[in-house]
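Q: Same order as they appear, the protein sequences are chains B, D and Y.
Residue numbers for the first sequence follow numbering that gives the first Met the number 0, so the first one is 0 and each next one is one higher.
Residue numbers for the second sequence follow numbering that gives the first Met the number 0, so the first one is 0 and each next one is one higher.
Residue numbers for the third sequence follow numbering that gives the first Met the number 0, so the first one is 0 and each next one is one higher.
In this text, a Cβ means the ideal position worked out from N, Cα and C, and glycines have one as well.
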Amino acid sequence: MSTADASLPARLRAEILGLAAQEPHPRGAAVAALRLVQARFGWVSTGHLCEVAGLLGMSADDLDGIATYFNLLFRRPVGRHVIMLCDSVSCWIMGREPLCAHLCRALGIQPGETTADNTITVLPTVCIGHCDHAPAMLVDSTLHGDVDTACLDHLIDMLRNTP
Amino acid sequence: MTPPSERPLTAMIDPAAGPPDCAAYGRAGGWQAARRALGGLAPADIIDMVTRSKLRGRGGAGFSTGQKWSFVPEDPASARRKYLIANADEMEPGTFKDRLLLEGNPLQLVEGMILAAYGVQAGHGIVFLRGEYHLACTRLHHAIGEARQQGWLGENILGSGFSFDIHVHSSAGRYICGEETALLTALEGRRATPRSKPPFPQTGGLWGAPSVVNNVETLCNLPHIIANGPEWFAGLGLGEDGGTKIYGASGRVAKPGAWELPIGTPLRQIIEEHAGGMLPGYRLRALLPGGASTAFLDATSLDVAMDYGSVEKAGSRLGTGMAIILDDRTCPIGMIRNLEHFFAQESCGWCTPCRDGLPWVERLLSAIEDGMGQADDMDQLARHARMLGAPGRTFCAHAPGAMAPLASGLKLFAADFTDHIRHGRCPLRMAA
Amino acid sequence: MTRIYIDGKECPTRTGINLLQACLEAGASLPYFCWHPELGSVGACRQCAIRQFSGPDDTKGRIVMACMTPVGEDTIVSIDDTEARDFRASVIEWMMVNHPHDCPVCEEGGECHLQDMTVMTGHNTRRYRFTKRTHRNQDLGPFVKHEMNRCIACYRCVRFYRDYAGGDDLAAFASHDHVYFGRAADGTLENAFSGNLVEICPTGVFTDKPFSSTYTRKWDMRGAPSVCVHCAVGCNTIVNARGETVRRILNRYNTDINRYVLCDRGRFGHGFVNAPTRIRTPLRATDGQQVSIPVADALARFARMAADGRIVGIASPRAALETCFSLHALVGPQHFSTGQTRQEQSCAELARALLGRHPGRLPTIHDMESADAVLVLGEDVYATAPRLGLALRQSVRQPSFHTADQAKVPRWMDAAVRTLGAECPSALHVLTPAPTALDDVAADSVRAAPDDIARLGFAIAHEIDPAAPPVADMMPDDARLAARIARTLMGARTPLVVSGMQYGSPALMQAAASIAAALARATPSAGLSLVLPECNSMGLAMMGGLPLETVMEQARTGAISTLVVVENDLTRHLSPADVADLVAAVPDIVVIDHTVTPLCQHASLVLPAATFSECTGTFISQEGRAQRFFQAVFPPAPIQAGWRWIQALGQSPERITPHMADLTVWRDLDDVLAALAAAFPHLAPVTGAAPDAQYRMDGQKLRSQTYRASGRTVIRSFISVRDQPPPASPDSPFSSSMEGAYGSDMPAALVSGYQASPWNSVQALNRFQHEIGGDMRGGASGIRLFPPVGPDDARRPYVYATDIPMPYAARADTVLVLPDTRLFGSEELSMSSPPVMARAAAPALGLPAGVVGSGHMTLHLEDGPHVLPVQSVPGLPAGIALCPAHMVARAFRFPRMARLETVPDAGDGP
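1. Using 10 angstroms around the beta-carbon of Tyr146/Y, count the other beta-carbons present and answer buried if the total reaches 16, otherwise exposed.
2. Let's test the definition: count the other Cβ atoms within 10 Å of the Cβ of Arg128/Y and tell me whether it reaches 16, buried, or not, exposed.
3. Considering just the uninterrupted stretch of the alpha helix (DSSP H) at Arg895/Y, what are its terminal residues?
4. For Ala403/Y, which residues of its own chain have a beta-carbon under 8 angstroms away from its beta-carbon, when the five flanking residues on both sides are left out?
5. Please list the partners that Ser249/D has in chain B, where partner means a Cβ-to-Cβ separation under 7 angstroms.
6. Establish whether the CB of Ala708/Y and some CB of chain D are separated by less than 8 angstroms.
7. Given this structure, state the Cα-to-Cα distance separating Leu106/B from His855/Y, to the nearest angstrom.
8. For Ala708/Y, does the count of other Cβ atoms within 10 angstroms reach 16, so buried, or fall short, so exposed?
9. Taking 8 angstroms as the CB-CB cut-off, is Ser140/B touching chain D?
10. Span of the alpha helix (DSSP H) holding Pro224/Y?
11. Of all the options Gly312/Y, Ala306/Y, Gln289/Y and Ala48/Y, which has the alpha carbon lying nearest to the alpha carbon of Trp642/Y?
12. Would you say Ala837/Y and Gly824/Y are within 8 angstroms of each other, going by their C-beta atoms?
13. Would you call Asn535/Y buried or exposed, if buried means 16 or more other Cβ atoms sit within 10 Å of its Cβ?
14. Per DSSP, which one or two residues make a beta bridge with Gly499/Y?
15. Can you give the Cα-Cα distance for Thr712/Y and Asp286/Y, rounded to whole angstroms?
16. Can you give me the start and stop residues for the alpha helix (DSSP H) that Thr45/B sits inside?
17. Checking contacts by CB at 8 angstroms: is Ser174/Y closer than that to chain B?
18. Just to check my reading of the structure: Leu8/D and Thr264/D have Cβ atoms closer than 8 angstroms, yes? What is that Cβ distance to the nearest angstrom?
19. Counting C-beta neighbours from all protein chains within 10 Å, is the total for Gly777/Y 16 or more, i.e. buried, or is it exposed?
20. Between which two residues does the alpha helix (DSSP H) carrying Val330/Y extend?
21. Counting pairs of beta carbons, one from the stretch 178 to 195 of chain Y and one from the stretch 28 to 39 of chain Y, are three or more of them closer than 8 angstroms?
22. Quick check: is any heavy atom of the ligand NAD less than 7 angstroms from the C-beta of Gly845/Y?
23. With DSSP collapsed to three states, give me the class of Val590/Y.
24. DSSP on Gln768/Y, reduced to helix/strand/coil?
25. Taking the C-alpha atoms as reference points, what is the distance between Glu22/B and Val360/D?
26. Below 9 angstroms on C-beta distance, what does Thr120/B contact in chain Y?
27. For Met489/Y versus Val530/Y, is the C-beta spacing smaller than 8 angstroms?
28. Can you tell me whether Met896/Y is buried or exposed? The criterion is at least 16 other CB atoms within 10 Å of its CB, across all chains shown.
29. With a Cβ-Cβ cutoff of 8 angstroms, do Arg360/Y and Val788/Y count as a contact?
30. Quick check: the Cα distance between Leu151/B and Leu84/B, rounded to an integer number of angstroms?
31. Using a cut-off of 8 angstroms between C-beta atoms, extract the partners of Arg182/Y located in chain B.
32. Using CA coordinates, which residue listed in Thr45/B, Val30/B and Gly128/B is at the minimum distance from Arg75/B?
33. Would you check if there are 3 or more beta carbon pairs closer than 8 angstroms linking the stretch 231 to 245 of chain Y to the stretch 614 to 633 of chain Y?
34. How is Met83/B classed by DSSP in three states: helix, strand or coil?
35. Shorter than 8 angstroms from the beta carbon of Met305/D to some beta carbon of chain B?
36. Nearest to Leu82/Y by CA position, among Ile256/Y, Met830/Y and Cys47/Y, is which residue?
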């Protein structure tokens, strides 16, 4: 099993080179390549960043300037599951603040942190386009609307029990 | 409910059934426009039809789509690399219309892009999709694959000699990517800061090549304009503008949602009829008519027609047409603070006023909301609203957009501000 | 030309520039940050807001960013407009939200552009009452210090470092008010021009690290206009000194040469003047020990030596023209050596001859930036003439400028031009044996042996002009390459060919000259540039003299009794065996130098010479430009200029008859120059390189300190608290204090620093220029000795060189060892500067990829075997090895055939 410390699997490297080949300049594939790495490892480690930079003919500094610019690219490890609770205006009106407080209390962490068991990371996110079902959140890649405390409690239980 | 013929954009959308496949799309009237365009219309005809349809950009700025295209060099797609880019980076708070179109009928976007690309003779299509739209991403990829298989994308489409294909770029966040030049910078694998114009994207866009960036909703209108004619489309609007518009409402209304209505539908009708009015126990205090970067309108403006000109006359902007409702039990200062937090955080960091001014604004609002306001804080906020609000002071429209709710809010909610500062607390928060 | 109305005042200006430039050129004080004359406009800081009116009837106008708005016909603007002023004050206030109030401990304090601009906008009251963001700083290596909290995010650093200088290890990170400028991780900034960040940064984020360790405020230092001694390009510098130490080197704008940028070797290589290896008193050898002796003793000893027989003088390409000439005057032409081997000297003299008869243009460094096709023929210019390399890097932007012109986008709209130029092809061709720092922007980078590169060059010349000799037995691929490069060069308006003597190859330089001459037939602006190794190589080439081999021959016959070696470490020119022979054959060697070299241990007498910072003199750069450097430091006696020591040697009338009798009566540098002009009429113009010592402005000498200098007693208080009279130099028109004249229109060669209140930072330079980025108000600095080419020159038949080398054939038993000239490590003087020493990588042997077997190999050079770690060099042709010049064998500077052996015990070299 490869980890964030190990070098990128050959297939992933080939995939990144393939993306780069489709662009007029390899750097056009920068975000896509980093997303691939993140999809595989959950985050982009410095080692992986350097490897991707090498594949795209960029310096690590250059690529990290991009990686740190975009908020959906994680340059620090996250838990197995990431809860992104919308903090934009419609959700705020519909009570996302007490929900966030509830979630953090239940998990014993602050927004931006990961539970000690590495299960869940809580991050605020900007509007996720589910305002008609505010408050809304993304759990990994699944959209949840009309979130309430009961729904959060259920979700936490579920996530803790899924690998 | 409006009959399907009067809501062309959403006629095929059935959330329960999922998006139509290629065949179903064709059965329901899809591909007619593409067949017609590639079967005999000249690219200039397409541009002319779109201009006559009075279609204006649905991303927020409201620029005439036909006119935008007219600046693209006319060389055929085979002679020069050109790009047609769908801006699906929907990130304006309170806005979820493009997601509806992307998830509900992605083939409509594909056909719209084929038409636009044929019009400007672009051989390369890109959908710039925001990273959080996972379902839209899956459905879009599926739709593009299907369209490619059916010969709607690829080399020599329908034997017309026109070749065009679409690539989906899943972005990784940042509101500023919705700004068309920042979007191009992002596609080039750079930090997505906006670019200066000239060069305009139509002549020097992605990798320096001519590029057109259109909003998803804008592009989705194209099949209907080409299939039914520009006059039909122009006639759909109630006022100056042509077509329908997806309007929406969120906040404490009875039935939050999005509805396709004739452009120019009065705000009152949208809120009271379609959104079902306010939730019991709540009264409407004010609203942002078209997303976070539009100025507040209060209850006295409900009869404004939701078209570009009328909303502007009322002191705000149509924006995305997706209204955010402020009720009487929510603190307006808290709401503005939330908005300014968003804008401060989403500043790209390129120009000084936006990068360092917005966080100051956010902190002033936080201080006031948290009961730490000082006597001249409102002056400081007003100064920022003035300094950052006028166009041309900052590099792009991000900060002026951010100042729209603040400047209008300072006027509309002056008493609330004063109360907060004088009493050192938020009255509503105390009540709660 | 057109006009601009600034607050009602009519000012003449020019079209094609932006309103910020126009306002600055009109003398207005309009603050700015992100704009830089060399980097153009990007509109990031929003500081230069003014109100622009559409015409005389427009009373409203609109706020625009001056740097982003082109000058139009009769543009009407207001800087004083209340709203514009408020906005500018607000911009500063926003920057100050996070800027720390650490001016008292900041190295930038007192010469900080941010300070100047803050005062200029009138922002003086803090209204922001919340916390500031803070950052962690990085260790960026020995040159540049990092203090990110001071950052105002103008983006100049990354724009300079990445876009302009081609570096890729500095970047902008994160976003919104968290933007961070640094590296992905701590580590040395690798770009050869990193030190310019110090001047590019408008505040104290990037500061001069060596300067910081011996920090002095700007107003407590003496400044002198100077010329860099670390290569032959002749970049102009400002030496800042306090007491007897040089504190730092700053860029001195010369519109034709370095303009706004110095390389790191030039900026940080000056440490040798302060180094413990300095010679401070006369020394004599006693029982193998060097013992300090009084000056009178030293001169008496020399007089005794001189009585014994013939004196031969050895000059040096790193010594000032006046010093070389005084030696020539002492010993006469028959006994005067240039201090170079025959190969070095003939290459330098060949360069002079080729440049002298080139029928096209001899471009300045600035001219090279606008060359629209460039061929680099066998010279790693980034190592041998870094500033020239940077100019070539700029030249690749020409196609994007042409695209921008067509799109009617002004060339100074930097980001827009770069967007438009994204797909523009490069017209830079680099033909070198080993990879160079220009390869990343080159259309072609071709690797070949020097002889094969010369052959390609001759073939290119033949393609352009069939009258040039053809090259026999060309491989088809090479012939195609030659044809392609020839086409590119012929299609250009201002093509340029660059070569040099890095590989000691006359054929390379002749091929380059042939190409340039062939081009000049149809394109009179076709340029030729040849890189020489040292700061006065061209001066010596113009003066002439004997090569060291001739001196050796004379010495072996016992014909030399005394050798006077001036500022020359012969061990860098001659093999250890030759040096030993020379030492054995010559009874007395007198070394005049400022720095201890290995030669000193063989000297009977060592005399302490002044460095470039301690005297006044002249160098002639590789483009034939004579430039004066001025004294900044008054060293403790008896350190004095080399020519003064030589004069002193010549002043014992009973023993010595100097070749030129008037040597003994020279009073000052101007006398030396007058004698030089008489003796070498073709060098006569050098007297005009700068105003002479009698020059006065408003009847006064020029001050070399700013008005706010601290009391001069303080500096020497540990010796005496008596008020010392300020020292004076007879050789320069400078006073050594703050007394004297100073102004923005003073002669450019005499600008000792930039200050024009309220501009206290280096950006005060704007006030000294006629036009931003153009000529200095005080005229040119230096004087070119090659006469300008007339229209007839291109028509005269050109005699092409016909000596075309044979192709290089790799041999089984030996390799061709080429000098791997290093930016840091190969140049002599900078290697006595601690920060440069820290940047010099350990020597290694470069071999073609795939040949590398074990970790170490033994290289048999003429001075013996050297065991070196091996590294693979991609693209290096077969049969070639790279060995760092001067770092392994001191005298190794030109190609040699040598034996190479595998070290049996892999990876365990000594």
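A: According to the data block:
1. Residue mapping note: residue 146/Y aligns to position 147 of the third sequence, counting from 1. Strictly speaking, residue 146/Y in this sequence is Glu, with Tyr absent from that position. With 16 or more Cβ atoms within 10 Å of its Cβ, Glu146/Y is classed as buried.
2. Residue numbering aside, residue 128/Y sits at position 129 when the third sequence is read from its first letter. Classification for Arg128/Y: exposed.
3. Counting from one through the third sequence, the residue named residue 895/Y turns up at place 896. First-last for Arg895/Y: Arg895 to Thr901, but that is the beta strand (DSSP E), not the alpha helix (DSSP H).
4. As a position in the third sequence, residue 403/Y is number 404, starting the count at 1. These residues qualify, in order along the chain: Pro409, Arg410, Met412, Ala415, Val416, Leu419 and Gly420.
5. The residue labelled residue 249/D in the question sits at position 250 within the second sequence. The answer, in chain order, is Ser89, Cys130, Asp131 and Ala133.
6. The count along the third sequence starts at 1 and reaches residue 708/Y at position 709. Because Ala708/Y sits at a pLDDT of 46, beneath the cut-off of 50, its placement in the model cannot be relied upon, and the following sentence gives the value as read from the coordinates. No - not a single Cβ of chain D is within 8 angstroms of the one on Ala708/Y.
7. The residue you call residue 106/B lines up with position 107 of the first sequence. The residue you call residue 855/Y lines up with position 856 of the third sequence. Approximately 58 angstroms between the Cα atoms of the pair.
8. Counting from one through the third sequence, the residue named residue 708/Y turns up at place 709. Here the model assigns Ala708/Y a pLDDT of 46, short of 50, so the residue's position is not dependable, and the following value carries that caveat. Its Cβ being crowded by 16 or more others within 10 Å, Ala708/Y is buried.
9. By one-based count along the first sequence, residue 140/B stands at place 141. Ser140/B counts as touching chain D.
10. Translated into the one-based positions of the third sequence, residue 224/Y becomes position 225. No alpha helix (DSSP H) holds Pro224/Y; the beta strand (DSSP E) holding it covers Arg221 to Val226.
11. What you label residue 642/Y is simply residue 643 of the third sequence in a count that begins at 1. It is Gly312/Y.
12. In the third sequence, counting from the first residue as 1, residue 837/Y sits at position 838. In the third sequence, counting from the first residue as 1, residue 824/Y sits at position 825. Not a contact, by the Cβ cut-off of 8 angstroms.
13. Reading the third sequence from its first residue, position 536 is the one you call residue 535/Y. Buried is the call here.
14. Here residue 499/Y corresponds to residue number 500 of the third sequence, with the count starting at 1. According to DSSP, Gly499/Y bridges with Val530/Y.
15. Translated into the one-based positions of the third sequence, residue 712/Y becomes position 713. Translated into the one-based positions of the third sequence, residue 286/Y becomes position 287. Summary for Thr712/Y: the model assigns pLDDT 49, below 50, so the residue's position carries little reliability; its value from the coordinates is reported in the next sentence. Roughly 42 angstroms separates the two Cα atoms.
16. Counting from one through the first sequence, the residue named residue 45/B turns up at place 46. Thr45 to Leu55 is the extent of the alpha helix (DSSP H) around Thr45/B.
17. Residue 174/Y sits at position 175 when you count from the first residue of the third sequence. Closer than 8 angstroms to some Cβ of chain B, the Cβ of Ser174/Y qualifies, so yes.
18. Within the second sequence, residue 8/D is the residue found at index 9, counting from 1. Within the second sequence, residue 264/D is the residue found at index 265, counting from 1. Rounded, the Cβ-Cβ distance is 14 angstroms, inconsistent with contact.
19. Here the question's residue 777/Y lines up with position 778 in the third sequence. In this structure Gly777/Y is buried. Its beta-carbon is surrounded by 16 or more other beta-carbon atoms within 10 angstroms.
20. Taking the third sequence and counting its residues from 1, one reaches residue 330/Y at position 331. Leu320 to Val330 is the extent of the alpha helix (DSSP H) around Val330/Y.
21. Flag = no, the stretch 178 to 195 of chain Y and the stretch 28 to 39 of chain Y do not touch.
22. Looking for the ligand NAD in the displayed structure turns up nothing, as the structure carries no ligands at all.
23. Taking the first residue of the third sequence as position 1, residue 590/Y is located at position 591. Val590/Y falls in the strand class under three-state DSSP.
24. On the third sequence, residue 768/Y is found 769 positions in, with the first residue counted as 1. Assignment of Gln768/Y by DSSP, reduced to helix, strand and coil, places it in the strand class.
25. Looking up residue 22/B in the first sequence gives position 23. Looking up residue 360/D in the second sequence gives position 361. Each residue's Cα considered, the two are about 40 angstroms apart.
26. Start at 1 with the first residue of the first sequence, and residue 120/B comes out as number 121. Ordered by position in chain Y, no residue passes the 9 angstroms Cβ test against Thr120/B, which lies about 19 angstroms from the chain.
27. Taking the third sequence and counting its residues from 1, one reaches residue 489/Y at position 490. Taking the third sequence and counting its residues from 1, one reaches residue 530/Y at position 531. For Met489/Y and Val530/Y, no; Cβs fall outside 8 angstroms.
28. Indexing the third sequence from 1 puts residue 896/Y at position 897. Flag for Met896/Y reads exposed.
29. Residue mapping note: residue 360/Y aligns to position 361 of the third sequence, counting from 1. Residue mapping note: residue 788/Y aligns to position 789 of the third sequence, counting from 1. The answer is yes: Cβ separation under 8 angstroms.
30. Within the first sequence, numbered from 1, the residue matching residue 151/B stands at position 152. Within the first sequence, numbered from 1, the residue matching residue 84/B stands at position 85. The alpha-carbon atoms of Leu151/B and Leu84/B are separated by roughly 11 angstroms.
31. Along the third sequence, one-based indexing puts residue 182/Y at 183. In chain order: Asp60.
32. Position 76 of the first sequence, counting from 1, holds the residue named residue 75/B. Per the Cα distances, Thr45/B.
33. yes
34. On the first sequence, position 84 is the one that residue 83/B refers to. Strand.
35. For the purposes of this step, residue 305/D is taken as the residue at position 306 of the second sequence. No, its Cβ sits nowhere closer than 8 angstroms to a Cβ of chain B.
36. In the third sequence, counting from the first residue as 1, residue 82/Y sits at position 83. Rather than Leu, the amino acid found at residue 82/Y in this sequence is Glu. Of the candidates Ile256/Y, Met830/Y and Cys47/Y, the one whose C-alpha sits nearest the C-alpha of Glu82/Y is Cys47/Y.
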